[in-house]
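Inspection log for the structure reproduced underneath, given as structure tokens.
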Amino acid sequence: GGQHRHILPTILEFEAEDEKAHGSSDGDDKSGLEERLLSLENADADSLRVALSGLQRKAAEFEQRSQRCSDLEQQNRVLEERMSAIRKELGDLEALAGVLVQ
24 GGQHRHILPT ILEFEAEDEK AHGSSDGDDK SGLEERLLSL ENADADSLRV ALSGLQRKAA
84 EFEQRSQRCS DLEQQNRVLE ERMSAIRKEL GDLEALAGVL VQ
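Numbering-wise (the working numbering), the sequence shown opens with residue 24 and increments by one.
Rendered as structure tokens:
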């Protein structure tokens, strides 16, 4: 039922790996898939905690990268504003130089 729906993507992934390893899936040789599914069923709480810890660490890294990207985007906006001001000032100086040269 609905309680096992979350393992379907994992099963499909294992089947895809089996197809790559053994050619097209005829349904004859499923022993490798069965072993992997059984090992999933027998996963103990400690291994799940380790996996969760690893995922939490990766999530924290992604959050840090996301914050860094936000910081860089802000710095980029500030630099673009400064460049725009410099271009305007340079244009003003060129106009003044044009008047002075005449």
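Positions of the beta carbon are idealized from the N, C-alpha and C atoms, including for glycine.
Computed from a predicted model, the values in this text were never measured in an experiment.
Beta-carbon gap between residue i and residue j smaller than 9 Å
{"i": "residue 44", "j": "residue 55", "result": "yes"}
Proximity test, Cβ basis, 9 Å: residue i and chain B
{"i": "residue 83", "result": "Given the protein chain composition of this structure (a single chain), no chain B is represented."}
Self-check item: Runs of alpha helix (DSSP H) lying entirely within the segment 63-93, each at least 4 residues, in chain order
Solution: Complete alpha helix (DSSP H) runs here, min 4: none at all.
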